[in-house]
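Before any comments, here is the structure.
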């Protein structure tokens with residue numbers, strides 16, 4: 052027969068002390084391996100230890116190309132220093148995005164934004180149909196390079212029915228020869244213009260004038276004459292160019308106006324045109340603007356019209372974004 056003797060009080064105390072010591076050792080090992088916030092995750096009360104959240108309030112949206120739209124978003128449980136950023140991928144559809152004040156948002160880049168909602172943007176597209184634009188908003192902690200919290204929304208950018216079709220207009224018989232200007236100094240933009248005949252332009256029908264700008268082509272120009280030579284990417288040392296048109300799509304003659312072009316050169320540069328003649332309804336003029344020193348890779352430029360008047364019927368079509376590519 053086996054007889055069990057009860058443990059003495061001193062032995063019981065010793066065993067309890069060993070168990071407590073073993074638990075403390077395990078705790079030290081876990082904290083060293085998982086971080087001091089381990090128990091904060093196990094025993095957190097509401098609001099403590101929650102994961103940071105950055106999210107759009109809408110996952111899908113339809114917008115008109117060239118029109119300002121607002122997209123609301125929210126952020127929660129972010130109490131460390133860092134930066135909120137907005138981004139969108141580069142695409143073959145010629146998609147481009149700017150802030151409502153005209154500031155360019157380069158594709159494939161994290162652009163800082165404030166923590167205020169909503170974000171006001173303008174999307175443009177060279178496609179004839181509706182194309183998807185994937186926007187991302189996130190938070191990058193100080194000292195990091197990638198967002199720790201992010202959200203995406205798919206924006207359907209629909210073509211603006213008020214804009215003329217993308218196909219080139221008919222070429223007038225016996226067009227005027229290109230002006231033979233002396234070669235510009237290195238880095239100086241070159242321009243050429245062609246004003247389309249106005250014999251077929253309708254008379255004013257009343258209402259405000261409405262100047263609209265659209266991109267016709269992007270490629271290479273002759274640095275001496277400003278004549279557009281070919282479409283496609285530019286190479287290092289070539290005279291990059293954008294061809295665009297300005298048309299009065301309103302119901303009365305416009306006021307005198309000029310345009311500006313923020314060009315993607317190595318050093319930021321804004322070209323400001325001379326004052327242009329007024330345009331009658333349906334009258335348009337085509338410009339070719341060439342420049343040297345284009346940035347490497349994919350970059351964007353902004354072309355904007357200033358009608359020098361507050362009576363332009365729709366300011367949303369007064370600016371457009373051109374996407375350039377330089378292959379070294």
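Numbering (my numbering), first residue to last: 52 to 379. Positions of the beta carbon are idealized from the N, C-alpha and C atoms, including for glycine.
- For the pair residue 105 and residue 200, the CB atoms are nearer than the 8 Å cut-off.
- Here residue 181 is near residue 207, since their CB atoms are less than 8 Å apart.
- Only residues of its own chain outside the window of five on either side were considered, and among them 190, 191, 192, 193 have a CB closer than 7 Å to the CB of residue 133, listed in chain order.
- In chain order, 269, 340, 373 place their CB closer than 6 Å to the CB of residue 293, counting only its own chain and leaving out the 5 sequence neighbours on each side.
- Ranked by Cα distance from residue 367, the options 119, 312, 265 are led by 119.
- Taking C-beta separations shorter than 6 Å and ignoring five residues to either side along the sequence, the partners of residue 377 in its chain run 285, 345, 347, following chain order.
- Residue range 133-138 is occupied by the beta strand (DSSP E) that includes residue 137.
- For the pair residue 320 and residue 375, the Cα-to-Cα distance works out to about 15 Å.
- When rounded, the separation of the alpha-carbon atoms in residue 291 and residue 146 is 19 Å.
- At the C-beta level, residue 369 and residue 332 stay beyond 8 Å of one another.
- Counting only the Cα atoms, residue 126 lies some 25 Å from residue 153.
- Going by C-alpha positions, residue 163 is about 14 Å away from residue 186.
- Collapsing the DSSP output to three states places residue 160 in coil.
- Residue pairing of residue 155 in beta bridges, as defined by DSSP: 149.
- DSSP places residue 129 in the coil class of the three-state scheme, outside both helix and strand.
- In this structure, DSSP gives residue 278 a state outside helix and strand, which the three-state scheme calls coil.
- Apart from the 5 residues on each side of it in sequence, residue 183 sits with its Cβ closer than 8 Å to the Cβ of 205, 206, 207, 208 in its chain, given in chain order.
- The three-state secondary structure of residue 368, taken from DSSP, is helix.
- The beta-bridge partner set that DSSP reports for residue 290 is empty.
- Residues 270 of the same chain have their beta carbon placed closer than 7 Å to that of residue 283, with the five preceding and five following residues left out of the count.
- Here residue 138 is buried: its Cβ has 16 or more other Cβ atoms, across all protein chains shown, within 10 Å.
- Following the DSSP letters along the chain, one finds residue 347 in no beta strand (DSSP E), marked with neither H nor E.
- Looking at 289, 75, 265, 141, the one whose alpha-carbon comes closest to that of residue 379 is 289.
- One thing to note: residue 323 has its Cβ no nearer than 8 Å to the Cβ of residue 307.
- Nearest in C-alpha terms to residue 356, of all of 197, 317, 305, is 305.
- According to the DSSP secondary-structure assignment, residue 183 is paired through a beta bridge with 207.
- Between residue 196 and the set 170, 135, 165, the nearest pair of CA atoms involves 135.
- In the displayed model, residue 330 falls within coil according to three-state DSSP, outside both helix and strand.
- Taking every protein chain shown into account, the CB of residue 121 has fewer than 16 other CB atoms within 10 angstroms, so this residue is exposed.
- A straight-line Cα-Cα distance of about 10 Å links residue 109 and residue 202.
- Residue 165 sits exposed, since fewer than 16 C-beta atoms from the chains shown fall within 10 Å of its C-beta.
- The shortest C-alpha to C-alpha distance from residue 317 to any of 297, 287, 73 is the one to 287.
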